[in-house]
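Each remark here refers to the structure printed beneath this line.
2 protein chains.
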Amino acid sequence: MPRIVRFHRTGGPEVLCLEEAPPEQPREGEVLIRNQAIGLNNSEAQLRRGDYPMLTADLPSRIGRECAGIVEAIGPSVTTVKPNDLVSTIPAFDVKRNGVYGEWCVVPEVGVARVPMRLSRLEAAAVWQQYLTAYGPLVLNSRLEPSMTVLITAAASSVGLGAIQVAKLFGTRVIATTRTASKEAIIRSAGADDVIITSHQPLVASVNHLTDGRGFDLGLDPIAGPGIADLIDCAAPEAAIHLYGQLAGEPSFFPLRAMLRKGLTVRGYTLWEITLNPARREAAKQYIFNHLDSGKLRPIIDRVFPLESVVEAHRYLESGRQAGKIVIEVAGNVS
Amino acid sequence: MPRIVRFHRTGGPEVLCLEEAPPEQPREGEVLIRNQAIGLNNSEAQLRRGDYPMLTADLPSRIGRECAGIVEAIGPSVTTVKPNDLVSTIPAFDVKRNGVYGEWCVVPEVGVARVPMRLSRLEAAAVWQQYLTAYGPLVLNSRLEPSMTVLITAAASSVGLGAIQVAKLFGTRVIATTRTASKEAIIRSAGADDVIITSHQPLVASVNHLTDGRGFDLGLDPIAGPGIADLIDCAAPEAAIHLYGQLAGEPSFFPLRAMLRKGLTVRGYTLWEITLNPARREAAKQYIFNHLDSGKLRPIIDRVFPLESVVEAHRYLESGRQAGKIVIEVAGNVS
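What follows is the structure, encoded as structure tokens:
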């Protein structure tokens, strides 16, 4: 009997249960996928803990939004994929019914994408969350120019590394931050021009030093909290800071005076702005496909766990030790 | 002997002194103006009190940035105006040397503009601060469309009324707020479609009611402080809130979760982004001149004080009782 991952209460990684469950039949507009690889995201640890700002899980709940696998069956009116296609999923659906952790998932057709020839199946499970998250702030909502400096914090995360790659498509200078010195090499391999190790180097002074006192033009930050004040301090006049998470988990004051003085923009952003809007989603997919096909974008995998170790994989996800994407391989489905 | 207004210490309105001072000769690139009318701005009360976020006065200091009058003399290399021209001033200079309260002022040529034929001299002293402040958020940094709803708070201020007029140039719906019921009529006369009297009507519920629960698309607010939370609450998805002041004078928390959920943008803004950038300044002037010349923009004057009553005028400015611009008339220079 195939297995899926569900949780019946919110809590630590141990609430994730591997349970036997027969595949559901795809309904109108749905696709049943036999998963081969599953990409893990921080927002899934938040959902599991019960502190995901976008959604509260309706228990018991499936979990997960990114996987790659083989189409097993399609529901009525599905036209863009057919059985035996190799596909991956785009996070554009409800996890309660469509969560992907496990050996199979049922997702809406709009949440299915082809797998570029250059990508492995592990990499294909690591595409959409990171590049779609980077796409909004860096492509859709900005006009990046080579003269600009982009600051990417928590840069060793999968989104951080993906965002570095996207920013470099525009020829901008990228300054990246990480707390962990050992992650510098992988951050540089993604294209960062400068890396600030924030456990040893003060952010504001480092950015000011690297930019001759001017500061960064566009910031991309999933941490927020009190660190916003530092970002504001090393932002250039009329810079924009795009916040896409709340890893700090702490409130902070509104930096009004500095925002007035410098004419700063602060924007909250989640990839739902892309995935729930059909026109944007299609434009974003095309953009990302083009650069995956050309090899200019390529997901960076940190570590692979077997499905049986999903609890351990989530523990590792929350440890912050990874640099790049954590992927689960579904051995039973790999041929 | 002509008189100018200066202050030798920061404090209440009474620190403003009317002192005799011979006109300075205009230097390279400067223009000496015999003032006939002077427009008062809230930021001048802040400068006088010592809590202007953009600048701390270097004492003793002149004060004021908006006036209308006759060119008395021009310095070397000035080409765009000549003696006896009727002009007004654009806030694009240092007040220490170039402050305009008094019977004369010396300002840089870039801070001088012609007076449109449709405007009185009192109105000409009330043009640039309000329309340039509105221009950035509503014209330069936004793409307003008739389907959008603009929320303008503190709408009976000169900037508020000017911003209503500018927003209506785009055919957008304008919801305006004021604490004072008696100001509703003048706010409607500026073009507001709906007025919320915040002393009696709750902001969030009122905006939601007026927009069928959708919220506003673009907000323009000089108050900030704890009221930011209310603005966030009645903002539509992907709305932008432009803050251009800190009248509340109180800190507030950073509304991260709602900004993430709704994809909101918050921007700090001052008209210095326009006035200190030559290309933007010229484009803004042209835009505003076009609409002043056509009669679509027209400053609203609240009350006129004689120069001798500058202290009383500042008291009135800080009382919040005005609806529109407070102007000082310089009787001795009016022919």
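These protein sequence lines map, in sequence, to chains A and B. Residue numbers for the first sequence follow the working numbering, so the first one is 43 and each next one is one higher. Residue numbers for the second sequence follow the working numbering, so the first one is 43 and each next one is one higher. Note that CB positions come from ideal geometry on N, CA and C, so glycine has one too.
Quiz item: Cβ of A/G310 less than 8 Å from any chain B Cβ?
Solution: yes
Self-check item: Residues that A/R303 contacts on chain B, provided the C-beta gap is smaller than 8 Å
Solution: P95, M96, G310, T312
Quiz item: By the 10 Å Cβ neighbour count, where 16 or more other Cβ atoms means buried, how is A/G202 classified, buried or exposed?
Solution: buried
Exercise. Could you say which of A/F258, A/F347, A/Q207, A/F295 lies nearest to A/A79 if we only look at CA atoms?
Key: A/F347
Practice problem: Give the single residue among A/G269, A/I274, A/T191 whose Cα lies nearest to the Cα of A/V237. | Solution: A/T191
Quiz item: Which partner residues does B/L193 have in the DSSP bridge list?
Solution: B/I217, B/G261
Quiz item: Does the beta carbon of A/T220 come closer than 8 Å to any beta carbon on chain B?
Solution: no
Exercise. Starting from B/N140, trace the alpha helix (DSSP H) both ways and give me its first and last residue.
Key: 137-140
Self-check item: Close Cβ partners of B/A232 (< 6 Å) along its chain, the five nearest in sequence each way excluded
Solution: L203, I206, Q207
Exercise. Quick one: residues in its chain with C-beta nearer than 8 Å to the C-beta of A/E114, no 5 flanking neighbours on either side, listed in chain order?
Key: P65, L74, I75, R76, P125, W146
Exercise. Compute every distance between the C-beta of A/E72 and the non-hydrogen atoms of the ligand GDP, then say whether any falls below 7 Å.
Key: As presented, the structure is devoid of all ligands, the ligand GDP included, so that no description of it is given.
Practice problem: Please name the residues in the stretch 251-266 of chain A whose beta-carbon is closer than 7 Å to at least one beta-carbon of chain B, in chain order. | Solution: A266
Practice problem: Return the Cβ separation of A/G291 and A/P264 in integer angstroms, given the expectation that the two are a contact with Cβ distance under 8 Å. | Solution: Actually they are not in contact, since the Cβ atoms of A/G291 and A/P264 sit about 12 Å apart, beyond 8 Å.
Quiz prompt | Neighbourhood of A/A198 by C-beta distance below 6 Å, restricted to the same chain and skipping five residues each side | solution = T220, K225, I229, A365
Self-check item: Beta carbon proximity, A/P293 to chain B, threshold 8 Å
Solution: yes
Quiz item: Applying the criterion that 16 or more other CB atoms from any shown protein chain within 10 Å of the CB defines a buried residue, is B/F295 buried or exposed?
Solution: exposed
Quiz item: Using a Cβ cut-off of 9 Å, which residues of the stretch 269-285 of chain A contact any Cβ in chain B, in chain order?
Solution: I270, P279, E280, A282, L285
Quiz item: Quick one: Cα of B/H251 to Cα of B/C276, how far?
Solution: 10 Å
Exercise. If I'm right that B/K138 touches B/D93 with Cβ under 8 Å, what's the distance once you round it to whole angstroms?
Key: Contact flag wrong, Cβ pair sits at about 17 Å.
Practice problem: Please confirm if B/Q288 has its CB atom under 8 Å from at least one CB of chain A. | Solution: yes
Quiz prompt | Cβ shell of B/E280 (< 6 Å), same chain only, five flanking positions each side left out | solution = G305
Quiz item: How many Å lie between B/L185 and B/G213 at the Cα?
Solution: The identity of residue 185 of chain B in the sequence shown is Arg, whereas the question assumes Leu. Each residue's alpha carbon lies about 12 Å from the other.
Practice problem: Note down, in chain order, every chain B residue with its Cβ under 8 Å from the Cβ of A/R299. | Solution: P95, Q288
Quiz item: B/C109 to B/A247, Cα distance in whole Å?
Solution: 41 Å
Quiz prompt | Beta-carbon neighbours of B/L306, restricted to chain A and to distances below 8 Å | solution = R309, G310
Practice problem: Going by DSSP, name the residue or residues bridged to A/N77. | Solution: A/G111
Quiz prompt | Among A/N319, A/R309, A/C59, A/H50, nearest to A/S351 - alpha-carbon criterion | solution = A/C59
Practice problem: List the endpoints of the continuous alpha helix (DSSP H) containing A/E90. | Solution: Glu is not the amino acid found at residue 90 of chain A; the sequence shown has Arg there. A/R90 -> alpha helix (DSSP H) spans 84-91.
Quiz item: How about B/R323 and B/A176: do their beta carbons lie closer than 8 Å?
Solution: no
Quiz item: Are the C-beta of A/E315 and some C-beta of chain B separated by less than 8 Å?
Solution: yes
Quiz item: Between A/M96 and B/R256, which are expected to be in contact by the criterion C-beta below 8 Å, what is the C-beta distance as a whole number of angstroms?
Solution: With 8 Å as the limit, A/M96 and B/R256 do not qualify as a contact, their Cβ atoms being about 19 Å apart.
Exercise. State yes or no: is the C-beta of B/I105 within less than 8 Å of the C-beta of B/T317?
Key: no
Quiz item: Among A/I112, A/A300, A/I116, which has the Cα closest to the Cα of A/E72?
Solution: A/I116
Practice problem: Pick helix, strand or coil for A/F296, following the three-state DSSP scheme. | Solution: coil
Quiz item: Since A/V308 sits in a beta bridge, which residues does DSSP pair it with?
Solution: A/I283, B/V308
Practice problem: Report the three-state DSSP secondary structure of A/K338 (helix, strand or coil). | Solution: coil
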